[in-house]
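Add 232 to the 1-based position in the sequence shown for this note's numbering, that's all there is to it. For every residue, glycine included, the Cβ atom is placed at its ideal position computed from N, Cα and C. Here the structure is a predicted model, which is why all the values come from computation and not from measurement. Input: a single structure, listed below in structure tokens.
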Amino acid sequence: MTRLLPAGDRAWLLDPGEPGRPGGPGHALRVPRFARALREDAPAGVQDVLPAARTVLITLLPGADADAVGREVLRRWAQVPAEGTATSTTQDVVEIPVRYDGQDLGDVADLLGVSVDDVVAQHTGTTWQCAFVGFAPGFGYLRSPDDRLGVPRRAQSRSAVPAGAVALADGFSAVYPRRSPGGWQLIGTTTATLWDVTADPPALLQPGTAVRFVQEHG
Numbered sequence: 233m234t235r236l237l238p239a240g241d242r243a244w245l246l247d248p249g250e251p252g253r254p255g256g257p258g259h260a261l262r263v264p265r266f267a268r269a270l271r272e273d274a275p276a277g278v279q280d281v282l283p284a285a286r287t288v289l290i291t292l293l294p295g296a297d298a299d300a301v302g303r304e305v306l307r308r309w310a311q312v313p314a315e316g317t318a319t320s321t322t323q324d325v326v327e328i329p330v331r332y333d334g335q336d337l338g339d340v341a342d343l344l345g346v347s348v349d350d351v352v353a354q355h356t357g358t359t360w361q362c363a364f365v366g367f368a369p370g371f372g373y374l375r376s377p378d379d380r381l382g383v384p385r386r387a388q389s390r391s392a393v394p395a396g397a398v399a400l401a402d403g404f405s406a407v408y409p410r411r412s413p414g415g416w417q418l419i420g421t422t423t424a425t426l427w428d429v430t431a432d433p434p435a436l437l438q439p440g441t442a443v444r445f446v447q448e449h450g
């Protein structure tokens, strides 16, 4: 059952309370679709909309009618389809070029019981959607509509993962925006810039952004 919980005195936390594991494929795509729609057409009194893996935090402006906002949030949530894929148009899809040369690519293939070529084909053959952002500026957690390429994190994290590393873990794919520690499975590299403080917005990926990975050769 969907719950709308007070979070402090000026925020609501939407908890869909749907069955299945947290961040399951259909549910995980519904949350960013809802958050993006709410951001693009925010009800009066809403200050910001912050999605996570399975919840959405809606912060309110001072003096807002919290009860009225809460009713409108629940009404709009009920209108979001429970199933489906990324809803962006072709123009909205961000293409990220990738060289599939990651250190863990062979291990990922072994974990999935497929060939390396199959991993690449599955990674490039779907439209991913940014479910939420976190960990580091510009780090978007990308989900596929069919939960493909679900592999665990590495048993041993690396002390430094280079910027541009393309990775998989726990049903998500992501690109490391900058050099940082990390325990995800590295399958490739990209020259795409995920975080640029001079850009508006500085993050290439926002919750709800559709993403396609394109294989680079050579």
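Cβ-Cβ separation between Q447 and T356: approximately 5 Å, consistent with a contact (criterion under 8 Å).
Segment contact: the stretch 298-315 against the stretch 266-284, three or more CB-CB distances shorter than 8 Å; contact assigned.
E272 sits in a helix when the DSSP states are folded into three classes. Around the Cβ of G277, a 10 Å sphere holds 16 or more other Cβ atoms; the residue is buried. Contact between V365 and A442 is absent: CB atoms are separated by about 15 Å, not below the 8 Å threshold.
In the DSSP assignment, E304 falls within the alpha helix (DSSP H) that extends over 298-311.
Taking the Cα positions, L400 is about 11 Å away from G414. For G420, no alpha helix (DSSP H) encloses it; the enclosing beta strand (DSSP E) starts and ends at 417-421. Listed in chain order, the alpha helix (DSSP H) runs fully inside the stretch 361-392 amount to none, counting runs of at least 4 residues. In this structure, DSSP gives L437 a state outside helix and strand, which the three-state scheme calls coil.
In this structure, the beta-carbon distance from C362 to P439 falls below 8 Å.
In the three-state DSSP reduction, A341 falls in the helix class (H, G or I).
Within the same chain, Cβ atoms closer than 6 Å to the Cβ of D336 are found at Q417, L418, the five residues on either side in sequence being excluded.
Going by C-alpha positions, P433 is about 15 Å away from D324. Cβ contact annotation for S389 (same chain, cutoff 7 Å, sequence separation greater than five): P413, G414, G415, in chain order. Assignment of R331 by DSSP, reduced to helix, strand and coil, places it in the strand class. V429 carries a coil assignment under DSSP once its states are collapsed to helix, strand and coil.
In the DSSP assignment, A401 falls outside any alpha helix (DSSP H) and within the unbroken beta strand (DSSP E) covering 397-401.
Around the beta carbon of V429, fewer than 16 other beta carbons sit within 10 angstroms, so the residue counts as exposed. In this structure, G370 places its C-beta atom within 8 Å of the C-beta atom of W427.
With respect to A243, L292 sits close: the two C-beta atoms are nearer than 8 Å.
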